[in-house]
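Residue numbers (the UniProt record's numbering): 1 to 1065.
Where a beta carbon is used, it is the ideal one built from N, C-alpha and C, also for glycine.
Inspection log for the structure reproduced underneath, given as structure tokens.
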């Protein structure tokens, strides 16, 4: 059949019909009413002025897990541009969360394709001919349930378009428009946009619409389908349950879940573009454009208000924030003020939207008072918090309660029917359905993540509205039951802070003080709320308020030392910190622990805080805290490891150390930020307090070390375990002065020898007290006799380490010592104070980096400890330590590194290599120690030792400079071993001028205890001599010999495992 040829006049008529259609679409979709929330409309604002193109990807992204304020400027655009996808793909299914910009995208596409301006997108889609958008806003199409085919859907659209155009005083030529897109003829290119597939009903209805979209793509239309994730949920077309819906000769794009694209949260580039464009929309905004943009973007990059950036990543919230910012010329300081402003705007938008629409589902829309709508939202938020926290979810998004629609409706009806949760005069129980629709459309605070499922659009709004609900019922007993008892559970701490901000705003910057006065601060969760309020920026605390509440804050930190409160106190203004120092000094001067607490109470009576000035004497807040101070409880916020006095000392030390309250601090040239001046008044105070309370000649009280008793019948030893108090005190000790000397006197001799002078620079944990590092390189002459003796005996241990590398006995000694070191530092470490441990490590690392210490011994100690614990250890840290003279060793070790698996007692070759490497480290460290002393006689003098004579000359172990002789005689080592058992001879050598009787008695007791320990100098020499046969009178003691031994071990290992092998295979 011959097709009738159209006349030129008809073609022109169709073109004219399309032109009028484009004009109508452009006029209808171009204006933006600023979300219907501006009091005075500024006139038409073009969508092109404000729209920021969206990005999409196959994998969705969580706004909470994107870059934080600190690194956001380095962020790059994720995924692909949506407009690029529309050019590349004939069919795009786009899923997006509520408020992510899906419908705005459809509007922007209409404006882009219908305007008279030049458009790259239009040209890329259809060249110079153009392309017509057909925006099927599904929720607005009447009788959609009865539509069964694509033709019927298009007919529904043309009918509705004609009606809407007439309402806009424009007549469309609908018959010619139908003919223009008739695919049986020479059809005009078209982009069909199915917007809001989630809003059309159940799975069957959504599936039918989706199939129509696929059919349209088969017919040659370009297709975009948008919807919330619920819209694509359970569609058989996306679950592999249906045949491909497109012709085989078309690009298949709908038969796999991978073809669903997700609208991605805004990246920094998009946020910045939006903000800059926003300030061009109104003339009064343009005048403050530069300052406004800078202020807005700086607020989003404020690390103390991370919630701002998270909210800004969703277009709906970014728009609301921009409106708030422009109306106030600044971003509200607190979250509460921001959320309140956003919710106010949201309710205004919902109301104006309904005024424009006039009806929901054909029924008149009643007017409901804002206060009553807020009460319903607040109660829903409260119930969401209660139910969400029962799940004990630490991930914020999992605490955002997902309701079944019918369950939420029942809850609303129950609230409206009862006076328990609000008085309602206008909203009735039968209005619940309409009210819920009102909250849900357009997208806002409540959203539908799945079909028949509802939740708050963002957890922040759920928490704020819950706090707002509680604020309307701010009675002490009510809050104790409904809020305080829930603090510490997921999400409730945020509700507590928001409640305080709401009450402060309601009561002229004073309402939060009353609520704070109701807290039981002996409870760590309630104390945490107080500290956050006191040290944060969200609540109005004047300098006078900070002064008055300071003793309360210090009390919280003292009775909950492991709750990390002390770090927050470091944020206080300097003037307040100085007052804190004065209070601490007074506490150290107090006679006993009860009088220590009275220092804080006395200050409170002199400067009573607002709201509690009339009830200080009987306020349970202070009574319960005092009881906890006098009788420390072993719990998660205060690990009482030893006795009550040690626990209180730890708490006091930690408060000063972790807050870094430094009075008259002076930076020292060698050790700076972690070491305070020896002239500091409080350090002298602490030293005097320790000397008075813990005299060194009386061991009845525990402060720095506790005795760990072995419970095994086969092992009998007394291990000096470092206490939490000692770890915290280490962060305060200067490199010289009274406190330094006091701490040196309190380190037991056996602890000194066991720890040695090792570092944690290249290993994952520490091996000795930081003070021992300073002792090894003292800035002044050491006056502690115990310290001098410890350094002297340490020479014998170091000399023995330099002789390692023969047979097995010494290896067993190092393995045992490693095990005891592990117990020393890590017994009960899973419960050890995190803060004291971190202070200890930070201090250790800083001092190591400030002093010249031997790294090889530390690595060797680590190897022996790892052998003792049967844990893997790799040698990648070793090679870079070697100088040029060891390049050949370096090459061998680099070859071996990739062949090692783990220390395995069954992998003989690997174990032999580890032992050889360990021995080399000990030998290198021993030579390095004695070489340094020989080159620096003044160092030996400061250590209290004899220059050029580490150990008695008559034993023939050293040359005149104090370096070990290259050949050692076994008989001389036997004489040294015998000498170590002669305590009088040892003391006479190290203290030729004699000792006071009291000191001598104490040192003899210490040496007697040390002799019995398996890590003593005697044990070290016994191990060396056991490996040294009597028929071998001499042995080499040089680095050349050590190097040759390690090279041999490397070569044997490489030969054993082969070129491509792995150890342990």
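Close Cβ partners of residue i (< 6 Å) along its chain, the five nearest in sequence each way excluded
{"i": "residue 648", "result": "593"}
{"i": "residue 519", "result": "526, 530"}
{"i": "residue 629", "result": "559, 597"}
{"i": "residue 923", "result": "802, 1042"}
{"i": "residue 325", "result": "296, 331"}
{"i": "residue 805", "result": "919, 1045"}
{"i": "residue 461", "result": "445"}
{"i": "residue 548", "result": "607, 609"}
{"i": "residue 135", "result": "106, 110, 193"}
{"i": "residue 584", "result": "656"}
Nearest candidate by alpha-carbon position, reference residue i, set the options
{"i": "residue 234", "options": "499, 793, 203, 301", "result": "203"}
{"i": "residue 409", "options": "430, 399, 401, 426", "result": "430"}
{"i": "residue 78", "options": "57, 1004, 88", "result": "57"}
{"i": "residue 316", "options": "213, 412, 215, 457", "result": "457"}
{"i": "residue 684", "options": "729, 263, 659", "result": "729"}
{"i": "residue 332", "options": "348, 302, 350", "result": "302"}
{"i": "residue 720", "options": "1013, 961, 217", "result": "1013"}
{"i": "residue 113", "options": "1050, 48, 817, 748", "result": "48"}
{"i": "residue 998", "options": "653, 785, 1011, 794", "result": "785"}
{"i": "residue 412", "options": "25, 423, 92, 380", "result": "380"}
{"i": "residue 277", "options": "480, 639, 323, 954", "result": "323"}
{"i": "residue 76", "options": "83, 66, 85", "result": "66"}
Spatial neighbours of residue i in its chain, beta-carbon cut-off 7 Å, leaving aside the 5 residues before and after
{"i": "residue 764", "result": "Note that residue 764 scores a pLDDT of 39, beneath 50, so its modelled location is shaky and nothing firm can be said."}
{"i": "residue 310", "result": "63, 64"}
{"i": "residue 498", "result": "335, 336, 463, 464, 467"}
{"i": "residue 496", "result": "483, 487, 529"}
{"i": "residue 491", "result": "385, 388, 389, 399, 463"}
{"i": "residue 111", "result": "26, 29, 30, 47, 48"}
{"i": "residue 402", "result": "449, 453, 455"}
Residue i - partner residues in DSSP beta bridges
{"i": "residue 969", "result": "1034"}
{"i": "residue 192", "result": "134, 223"}
{"i": "residue 455", "result": "447"}
{"i": "residue 404", "result": "453"}
{"i": "residue 55", "result": "81"}
{"i": "residue 32", "result": "45"}
{"i": "residue 920", "result": "Beta-bridge pairing links residue 920 to no other residue."}
{"i": "residue 638", "result": "635"}
{"i": "residue 261", "result": "94"}
{"i": "residue 722", "result": "705"}
{"i": "residue 964", "result": "958"}
Where residue i falls, given that 16 or more other Cβ within 10 Å makes a residue buried
{"i": "residue 781", "result": "exposed"}
{"i": "residue 16", "result": "exposed"}
{"i": "residue 934", "result": "buried"}
{"i": "residue 55", "result": "buried"}
{"i": "residue 415", "result": "buried"}
{"i": "residue 814", "result": "buried"}
{"i": "residue 116", "result": "exposed"}
{"i": "residue 494", "result": "buried"}
{"i": "residue 811", "result": "buried"}
{"i": "residue 986", "result": "buried"}
{"i": "residue 783", "result": "exposed"}
{"i": "residue 964", "result": "buried"}
Cut-off 8 Å between Cβ atoms - residues of its own chain near residue i, not counting five sequence neighbours on either side
{"i": "residue 138", "result": "144, 194, 195, 196, 197, 199, 200, 209"}
{"i": "residue 1018", "result": "977, 980, 981, 1011"}
{"i": "residue 175", "result": "none"}
{"i": "residue 995", "result": "785, 987, 1003"}
{"i": "residue 87", "result": "121, 124, 125"}
Exercise for the section: Give a yes or no on contact between the segment 122-139 and the segment 286-306, applying the rule of three or more CB pairs nearer than 8 Å. Expected result: no
Exercise for the section: Taking 8 Å as the threshold, find out whether the segment 312-332 comes into contact with the segment 432-440 through three or more Cβ pairs. Expected result: no
Practice task
Report yes or no: do three or more beta-carbon pairs, one from the segment 91-105 and one from the segment 221-229, lie closer than 8 Å?
Solution key: yes
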